[in-house]
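Chemist: Numbering (our numbering), first residue to last: 34 to 99.
Ideal placement from N, C-alpha and C gives every residue a C-beta, glycine not left out.
Computed from a predicted model, the values in this text were never measured in an experiment.
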Amino acid sequence: MELNREEIEQKLGFSMEWQRLDNKKASRIIYYIGGLNFNDHSNYLELMKEIIDKVVIVRRVFKEYI
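(1) Between the region 68-79 and the region 49-56, can you find at least three pairs of beta-carbon atoms closer than 8 Å?
(2) For the alpha helix (DSSP H) holding R92, just list the boundary residues, first then last.
(3) Would you mind working out which of A59, I99, R61, I84 sits nearest G67, comparing C-alpha positions?
(4) With a cut-off of 8 Å on the beta carbons, I'd call L45 and V94 a contact; round off their distance for me.
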């Protein structure tokens with residue numbers, strides 16, 4: 034998948050952090066959500082909406098490559 038990183042991120046519309054885990058069967062791909070604070074619930078609904086929106090996009094794009 035990392036070979037297609039630029040193409041994937043272009044389709045996603047946002048960047049992710051790609052972590053290769055040498056000597057493992059898996060690697061990590063991370064998206065950071067700014068403003069996420071589990072102790073502050075004032076923007077909780079907004080953050081949950083962002084998480085859901087990103088997961089839907091990631092699922093749609095990544096299934097082309099898996």
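Modeler: This is what the structure holds:
(1) no
(2) Translated into the one-based positions of the sequence shown, residue 92 becomes position 59. Start and end: 77-95.
(3) One-based indexing of the sequence shown puts residue 67 at position 34. Per the Cα distances, I84.
(4) In the sequence shown, counting from the first residue as 1, residue 45 sits at position 12. In the sequence shown, counting from the first residue as 1, residue 94 sits at position 61. Correct: roughly 5 Å between the Cβ atoms.
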